[in-house]
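The numbering of the sequence shown is the UniProt record's numbering, which starts it at 1 and goes up by one.
For each residue, glycine too, the CB sits at the ideal point set by N, CA and C.
Every value quoted in this text rests on a predicted model; they were computed, and no experiment measured them.
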Amino acid sequence: MSAVNVNYMNVKQRTIKLPVSVSGTGLHTGEKVTMTFNPAPENHGYKFRRVDVEGQPVIDADVDNVTDTSRGTTISQNGASVSTVEHVLAALVGLEIDNVLIDLDGPETPIMDGSAIEFVNALTGGGFVEQDADREYYHITHNIHYTEAERKVEMVAMPLDDYRFTCMVDYNSDVLGSQHASISTINEFTKEIASCRTFCFLHELEMLLKHNLIKGGDLNNAIVVVDKQVDEEELAHLAKLFNRKDIKVAPQGILNNIELRHQNEPARHKLLDMIGDLALVGVPLKGHIMAARPGHAANIAFGKKIKALIKKERSKKHLKVYDPNMKPHYDTVQIMDILPHRQPFLMVDKILELTKTHVVGLKNVTMNEDLFMGHFPGAPLFPGVLQIEAMAQTGGILVLNTVPDPENYITLFLKIENARFKDKVTPGDTIIFRCDLVAPIRRGIAQMKGVGMVGERVVVEAELMAQIVKTKNKD
1 MSAVNVNYMN VKQRTIKLPV SVSGTGLHTG EKVTMTFNPA PENHGYKFRR VDVEGQPVID
61 ADVDNVTDTS RGTTISQNGA SVSTVEHVLA ALVGLEIDNV LIDLDGPETP IMDGSAIEFV
121 NALTGGGFVE QDADREYYHI THNIHYTEAE RKVEMVAMPL DDYRFTCMVD YNSDVLGSQH
181 ASISTINEFT KEIASCRTFC FLHELEMLLK HNLIKGGDLN NAIVVVDKQV DEEELAHLAK
241 LFNRKDIKVA PQGILNNIEL RHQNEPARHK LLDMIGDLAL VGVPLKGHIM AARPGHAANI
301 AFGKKIKALI KKERSKKHLK VYDPNMKPHY DTVQIMDILP HRQPFLMVDK ILELTKTHVV
361 GLKNVTMNED LFMGHFPGAP LFPGVLQIEA MAQTGGILVL NTVPDPENYI TLFLKIENAR
421 FKDKVTPGDT IIFRCDLVAP IRRGIAQMKG VGMVGERVVV EAELMAQIVK TKNKD
């Protein structure tokens with residue numbers, strides 16, 4: 001377990017069984033686009049791939065990659081962008097899909113009918129596959145608040161052993177009024193939320209049309225709230241723009257192009273947007289999210305606050321006390337098959353645990369090591385710089401475990417930050433180092449948090465960055 005709040009609930013990750021595609025038009029760009037959901041391996045998460053761009057760059061669905069929230073949520077990475085991702089991500093969260101690669105041949109996801117239901121139907125039709133890895137959840141353990149006084153936005157995440165949402169919208173509109181929507185568990189998403197369409201006010205629609213900002217807009221993919229007096233001439237103009245014979249104001253105060261699927265459909269759609277935007281946190285959440293007057297910008301700011309807490313938890317020292325006499329995963333001889341270091345500079349005697357995301361190594365500090373002849377011989381101390389080296393070598397085992405034939409690779413450490421030495425280490429001590437990945441390895445670059453302990457005492461901690469380099473020679 002990489003942090004006290006990040007829990008595994010013995011629920012397995014899952015992906016989709018077969019690739020499935022949907023085609024449509026981008027709401028803002030007006031471009032035709034085909035989007036294909038592909039199965040993805042464990043711990044892959046959600047990623048978009050722009051297959052129409054040279055090199056087919058991949059964009060991680062990550063809150064830190066958000067570059068625009070003005071008319072939907074846009075994410076950018078590796079020189080490419082994808083706009084209006086929130087409805088797609090909401091469908092994935094609502095169906096509890098953990099890993100998928102989404103191919104797009106355009107810059108924006110298709111708007112479809114303005115909701116997430118067509119994505120849900122396509123994904124459900126393709127079927128699901130349970131994977132071997134456990135699903136990782138982040139449990140909200142205390143109230144997390146976010147406010148924007150000017151916009152009267154208030155959000156809070158509260159502890160709960162489920163994923164519950166409550167949303168309130170209030171636009172000071174006589175037509176829309178105040179609306180509430182809620183789900184008590186994410187399992188209700190498909191039935192209660194997925195089909196709820198986006199909405200806008202008539203004055204917003206006119207402004208967007210005037211500035212050519214909804215090139216793919218159609219009255220079938222949005223609820224238009226009539227918030228002002230409108231005459232027959234204006235309605236006729238709208239009918240002409242959208243190639244319709246007749247447009248009128250329905251009794252509910254909306255244009256008569258569509259009928260509401262729920263009386264509070266706008267509030268339900270805001271809840272849908274929140275689920276999609278908070279998917280960019282990168283970890284399924286356990287908690288009760290309550291929001292008043294949410295929007296994409298606020299959702300993303302709130303998501304960044306939650307992600308920062310997750311990162312902080314993951315970077316905390318690990319207080320698990322390991323038995324130095326437990327059966328090792330690797331002994332010294334096996335370690336030398338992986339690391340190029342040799343005595344007297346091999347600083348790891350055993351590897352006690354090794355997974356895809358963390359490693360635990362052991363260093364016995366003995367008086368007969370050559371360094372003690374010259375390092376405070378009257379009061380021998382194991383130097384801090386060698387503690388960092390031992391930690392780095394432990395982390396090297398973790399990093400090299402991710403490549404085939406690790407004997408053909410080495411790790412070069414690029415950065416050491418926030419190194420702190422908490423207590424002295426003397427001959428006779430056994431230091432146990434634990435290194436955890438704090439982010440997925442990308443382009444051969446690994447970022448780790450390392451902690452060294454003697455018994456229950458934390459003696460050293462640091463943040464490390466290393467690069468995997470292929471070499472045919474071993475020293």
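Euclidean distance between Cα positions of residue i and residue j
i, j, result
"E456", "M35", "52 Å"
"H180", "P266", "9 Å"
"R443", "L18", "27 Å"
"V33", "A446", "35 Å"
"F48", "L101", "6 Å"
"D52", "P110", "15 Å"
"Y330", "L362", "10 Å"
"R434", "E389", "13 Å"
"R135", "P41", "13 Å"
"V281", "M274", "11 Å"
"E54", "D337", "40 Å"
"K305", "A90", "19 Å"
"L464", "I335", "20 Å"
"G94", "K12", "16 Å"
"Q467", "T357", "16 Å"
"Y409", "E150", "54 Å"
"E31", "A80", "16 Å"
"I351", "I416", "22 Å"
"Y171", "F199", "12 Å"
"I193", "L437", "35 Å"
"P440", "N43", "9 Å"
"T25", "C167", "29 Å"
"S182", "K320", "39 Å"
"R197", "H28", "16 Å"
"V454", "A61", "39 Å"
Residue i vs residue j beta-carbon contact at 7 Å
i, j, result
"F372", "P380", "yes"
"V365", "K270", "no"
"residue 477", "P324", "No information on residue 477 is available, as it lies outside the stretch 1 to 475 that the chain covers here."
"A279", "M155", "no"
"L104", "R50", "yes"
"R14", "E148", "no"
"P406", "M367", "no"
"V459", "V425", "yes"
"I75", "V66", "yes"
Whole-number beta carbon distance between residue j and residue i, since they are thought to touch under 8 Å
i, j, result
"P107", "V82", "7 Å"
"M112", "H288", "About 29 Å separates the two Cβ atoms, so there is no contact after all."
"D161", "K286", "6 Å"
"V283", "Y137", "7 Å"
Own chain, CB closer than 8 Å to residue i, minus 5 neighbours either side, in chain order
i, result
"E461", "K317, N418, A419, R420, K422, K449, G450, V451 and G452"
"L354", "H329, Y330, V360, I397, L398 and N401"
"V88", "M35, I102, T109, A116, F119 and G276"
"V20", "T36, F37, A122, L123, G125 and G126"
"S184", "D162 and R164"
"V153", "Y146, T147, A291, A292, R293, P294, G295 and A298"
Cβ-based burial, residue i [other Cβ within 10 Å; buried from 16]
i, result
"G127", "exposed"
"Q343", "exposed"
"E86", "buried"
"G177", "exposed"
"V385", "exposed"
"G216", "In this prediction, G216 has a pLDDT of 49, which is less than 50 and means its spatial position is unreliable; nothing more can be read from the coordinates."
"P39", "buried"
"Q77", "buried"
"D132", "exposed"
"L414", "exposed"
"D387", "Just to set this straight, residue 387 is Gln in the shown sequence, not Asp. It is buried - the Cβ of Q387 has at least 16 other Cβ atoms within 10 Å."
"N264", "buried"
"S195", "buried"
"G114", "buried"
"A3", "Unreliable placement is indicated for A3, whose pLDDT of 36 sits below 50; the coordinate value is still reported in the next sentence. Answer is buried; the Cβ neighbour count reaches 16."
"T84", "buried"
"G395", "buried"
"F345", "exposed"
"F189", "buried"
Neighbourhood of residue i by C-beta distance below 6 Å, restricted to the same chain and skipping five residues each side
i, result
"M347", "K363, E389, A390 and Q393"
"T332", "D349"
"A308", "none"
"T124", "none"
"S23", "T34"
"T69", "H296, A297 and I300"
Spatial neighbours of residue i in its chain, beta-carbon cut-off 7 Å, leaving aside the 5 residues before and after
i, result
"D277", "T73, E86, H296, N299, I300 and G303"
"residue 477", "Because the chain is modelled from 1 through 475, residue 477 falls outside the range shown and cannot be assessed."
"K312", "none"
"L412", "A466, Q467 and V469"
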